[in-house]
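Trainee:
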């Protein structure tokens with residue numbers, strides 16, 4: 001993960017934002033030894049929040065874990081988007 005000091009980040013803000021969004025690569029921005037932040041894209045942040053929401057409920061987390069294990073064992077089934085939407089009704 002790249003790191004920039006505050007002064008450099010301020011001077012290169014637009015370029016840094018473009019790189020973070022384009023490459024999905026977080027950047028650490030430091031101001032002093034006691035203050036640092038991480039810049040991530042909104043898409044990455046939204047993904048983190050969705051993952052947190054899904055895993056917060058223990059029953060849902062276990063269901064997701066079992067589904068992933070079943071998929072890795074080849075027990076999954078391929079569906080078209082139309083089939084998927086129909087199955088959800």
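Residue numbers (the UniProt record's numbering): 1 to 89.
For glycine and all other residues, C-beta sits at the position ideal for the given N, C-alpha and C.
Of all the options 73, 15 and 74, which has the alpha carbon lying nearest to the alpha carbon of residue 41?
Mentor: Out of 73, 15 and 74, 15 has the C-alpha closest to the C-alpha of residue 41.
Trainee: Can at least three beta-carbon pairs, one atom from the region 1 to 8 and one from the region 22 to 36, be found at a separation below 8 Å?
Mentor: At 8 Å Cβ cutoff, the stretches touch.
Trainee: Could you check the C-alpha separation between residue 44 and residue 10 for me, to the nearest Å?
Mentor: Looking at the two C-alpha atoms, the distance is approximately 22 Å.
Trainee: Checking 9 Å against the spacing of the C-beta atoms, do residue 39 and residue 17 come in under that value?
Mentor: In this structure, residue 17 lies closer than 9 Å to residue 39 by Cβ.
Trainee: Quick test of your reading: residue 87 and residue 79, contact by CB under 8 Å. State the CB separation rounded to the nearest angstrom.
Mentor: The Cβ separation is near 7 Å, so the contact holds.
Trainee: Where does residue 161 fall in DSSP's three states?
Mentor: Outside the displayed span of the chain (1 to 89) sits residue 161, for which this structure offers no information.
Trainee: Restricting to Cα atoms, I'd like to know which of 74, 64, 7 and 20 is closest to residue 32.
Mentor: When only C-alpha atoms are compared, the closest one is 7.
Trainee: How would you label residue 37, buried or exposed, when you count the other beta carbons within 10 angstroms and need 16 or more for buried?
Mentor: Exposed.
Trainee: Specify the secondary structure class of residue 79 as computed by DSSP and reduced to three states.
Mentor: Coil, per DSSP.
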